[in-house]
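Okay, so the sequence shown: first residue is 1 according to the working numbering, each after it adds one.
Below is one structure, written out as structure tokens, with a few remarks after it.
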Amino acid sequence: MNISDVEALTSPAGRALLDELAGTASEDPVALATRLRRAGHDPALAALATTQSRLRAKASSKFGDRAASLLFTPAGAEQATRAVVAAEHAQRFAAAGVARVADLGCGVGADSLAFLDAGLSVLPVDADPVTAAVASHNLGVDVRCEDVTAGIVAELPAADGAWFDPARRTSGGRRVFDPEATSPPLSFVLATAARIPATGAKLAPGLPHDLVPAGTEAQWTSVDGEVVECALWCGPLARPGVGRSARVVRGPEAFELTDVDLPVAEVGRVGGFLHEPDGAVIRAGLVGRVAADLGGRLVDETIAYVTTDSPDSSEFVRSFRVLDVMPFGLKPLRSALRSLDVGSLTVKKRGTAVDPDQLRKQLALKGSRTATIVLTRLQGKQSVLFVEPFS
Numbered sequence: 001m002n003i004s005d006v007e008a009l010t011s012p013a014g015r016a017l018l019d020e021l022a023g024t025a026s027e028d029p030v031a032l033a034t035r036l037r038r039a040g041h042d043p044a045l046a047a048l049a050t051t052q053s054r055l056r057a058k059a060s061s062k063f064g065d066r067a068a069s070l071l072f073t074p075a076g077a078e079q080a081t082r083a084v085v086a087a088e089h090a091q092r093f094a095a096a097g098v099a100r101v102a103d104l105g106c107g108v109g110a111d112s113l114a115f116l117d118a119g120l121s122v123l124p125v126d127a128d129p130v131t132a133a134v135a136s137h138n139l140g141v142d143v144r145c146e147d148v149t150a151g152i153v154a155e156l157p158a159a160d161g162a163w164f165d166p167a168r169r170t171s172g173g174r175r176v177f178d179p180e181a182t183s184p185p186l187s188f189v190l191a192t193a194a195r196i197p198a199t200g201a202k203l204a205p206g207l208p209h210d211l212v213p214a215g216t217e218a219q220w221t222s223v224d225g226e227v228v229e230c231a232l233w234c235g236p237l238a239r240p241g242v243g244r245s246a247r248v249v250r251g252p253e254a255f256e257l258t259d260v261d262l263p264v265a266e267v268g269r270v271g272g273f274l275h276e277p278d279g280a281v282i283r284a285g286l287v288g289r290v291a292a293d294l295g296g297r298l299v300d301e302t303i304a305y306v307t308t309d310s311p312d313s314s315e316f317v318r319s320f321r322v323l324d325v326m327p328f329g330l331k332p333l334r335s336a337l338r339s340l341d342v343g344s345l346t347v348k349k350r351g352t353a354v355d356p357d358q359l360r361k362q363l364a365l366k367g368s369r370t371a372t373i374v375l376t377r378l379q380g381k382q383s384v385l386f387v388e389p390f391s
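Written as structure tokens, this is what we have:
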């Protein structure tokens, strides 16, 4: 996309064509192009609008019905904050008494939309001209197009809030994992927080705990089982006494754990039930909290599986009934599965180098039943657990 493409899509003809294409994202692209050409639409505009229609359909999983009125770049549709997560960002600022937020690296405007929905004033900024043009359309306000490290922070009143969503991909599309290699780097975010206390940032879920500064809160969030971010909250945005937290969003509900008075989990034998903590809980280092809340124990001091004797569960885990346990070995495992007439096998793993796809090939199962196994360490020993989902 370029600026002229954005102008074409926001022209009266572009808007009308986008409205006409609503609901056509699943149609065959060739057949759709033929139909639009026969209807007399400009081929270039038709191609732009067709692509935009598909991006809107893709983004509907994040924005719901609102996606139908927004514009997206391909990268923007992929990297935009989900609306349910952005709303939580906005509530942090609102609860801290912040009235105006500078969205520094606003992308297509997902977080700025949430800030506006929460009644906050917003100053959106993005370094990419096309992205800034798209965000201007989505937000209905002018987006400043400049590098956020070039001096805009010095213009902001200290009473404002600052929000960062650093770019975590290179110009070639390769993902960046080092927080100092993002744009802007974590060090710039922290320098901003020294001047504007109410500063927050959307960081990659792999943020190491030792990079979380004292006095800040790192919150890992998952949505329907997928860990989507680690948000760093500084100054009044951080909750007193909380260094790490996990927010688990399942459908319309959200649940939270914190590291306040975090217990040390015991390690012990496998009971009748196995519990797999949500990824946000694991990333936040709060498996011990889940184990304590369930009255359970770890199966190994280095493995994030919790076991209990009773059928307890919680919003922070997926639970399984343990049917059998055996030491790991290809031949014994094959024999056990064939005796159960298993042909379709779900393999879960943690703490083992075994490749599930390769294992299934080696087992060569041909039965009629399904089964689930867990490959993991039990108090240091490679083992196999036969399990079934339990709710």
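No residue lacks a Cβ here, since even glycine has one placed at the ideal position from N, Cα and C.
Open item on the list: Quick check: the Cα distance between residue 278 and residue 255, rounded to an integer number of angstroms?
Closed with: Position 278 of the sequence shown, counted from the first residue, corresponds to residue 278. Position 255 of the sequence shown, counted from the first residue, corresponds to residue 255. Approximately 11 Å, taken between the alpha carbons.
- [ ] Take residue 443 and list the residues in its own chain whose beta-carbon comes closer than 8 Å to its own, dropping the five residues that flank it on each side.
- [x] There is no way to answer for residue 443, as the model of the chain reaches only from 1 to 391.
Open item on the list: At the 8 Å Cβ level, is residue 209 part of the contact set with chain B, yes or no?
Closed with: Here chain B cannot be found, since the structure has a single protein chain.
Task: residue 198 and residue 98 closer than 8 Å at C-beta - done: As a working note, residue 198 is residue 198 in the sequence shown. As a working note, residue 98 is residue 98 in the sequence shown. Against a cut-off of 8 Å, the Cβ pair of residue 98 and residue 198 comes out as a contact.
Task: Length of the line joining the Cα atoms of residue 110 and residue 84 - done: Here residue 110 refers to the residue found at position 110 of the sequence shown. Here residue 84 refers to the residue found at position 84 of the sequence shown. Taking the straight line from one Cα to the other gives about 10 Å.
Open item on the list: Let me make sure I understand the geometry here. Which of 149, 66, 313 has the alpha-carbon closest to that of residue 102?
Closed with: Start at 1 with the first residue of the sequence shown, and residue 102 comes out as number 102. Nearest of 149, 66, 313 to residue 102, Cα basis: 149.
Open item on the list: Among the candidates 15, 51, 128, 119, whose CA atom is the shortest distance from the CA of residue 32?
Closed with: Within the sequence shown, residue 32 is the residue found at index 32, counting from 1. The option with the nearest alpha carbon to residue 32 is 51.
Open item on the list: Please tell me whether residue 264 and residue 225 are closer than 8 Å, where the distance is taken between their beta carbons.
Closed with: For this step, residue 264 is matched to residue 264 along the sequence shown. For this step, residue 225 is matched to residue 225 along the sequence shown. No. Outside cutoff.
Open item on the list: On a Cα-Cα basis, can you pick out the residue from 196, 222, 354, 230 that is closest to residue 211?
Closed with: In the sequence shown, residue 211 corresponds to position 211, counting from 1. Nearest option by C-alpha distance: 230.
Task: Exposed unless 16 or more other CB atoms sit within 10 angstroms - verdict on residue 124 - done: Here the question's residue 124 lines up with position 124 in the sequence shown. Counting Cβ neighbours within 10 Å, residue 124 comes out buried, since at least 16 surround it.
Open item on the list: Could you check whether the segment 367–385 touches the segment 298–306, counting it as contact only if at least three pairs of C-beta atoms, one from each stretch, sit closer than 8 Å?
Closed with: yes
Open item on the list: Relative to the C-alpha of residue 220, which candidate in 88, 360, 4, 80 has its C-alpha closest?
Closed with: For the purposes of this step, residue 220 is taken as residue 220 along the sequence shown, with counting starting at 1. When only C-alpha atoms are compared, the closest one is 88.
- [ ] Could you check which residue in 350, 65, 239, 9 has the C-alpha nearest to that of residue 214?
- [x] On the sequence shown, residue 214 is found 214 positions in, with the first residue counted as 1. Looking at the Cα atoms, 239 is the closest of the given residues.
Task: Simplified DSSP assignment, three categories, for residue 276 - done: The residue you call residue 276 lines up with position 276 of the sequence shown. Residue state, collapsed to three classes: strand.
Task: Bridge partners - residue 387, DSSP secondary structure assignment - done: In the sequence shown, counting from the first residue as 1, residue 387 sits at position 387. In DSSP, residue 387 forms a bridge with 322, 372.
Task: Pairwise C-alpha distance: residue 182 and residue 174 - done: If you number the sequence shown from 1, residue 174 lands on position 174. If you number the sequence shown from 1, residue 182 lands on position 182. Each residue's alpha carbon lies about 11 Å from the other.
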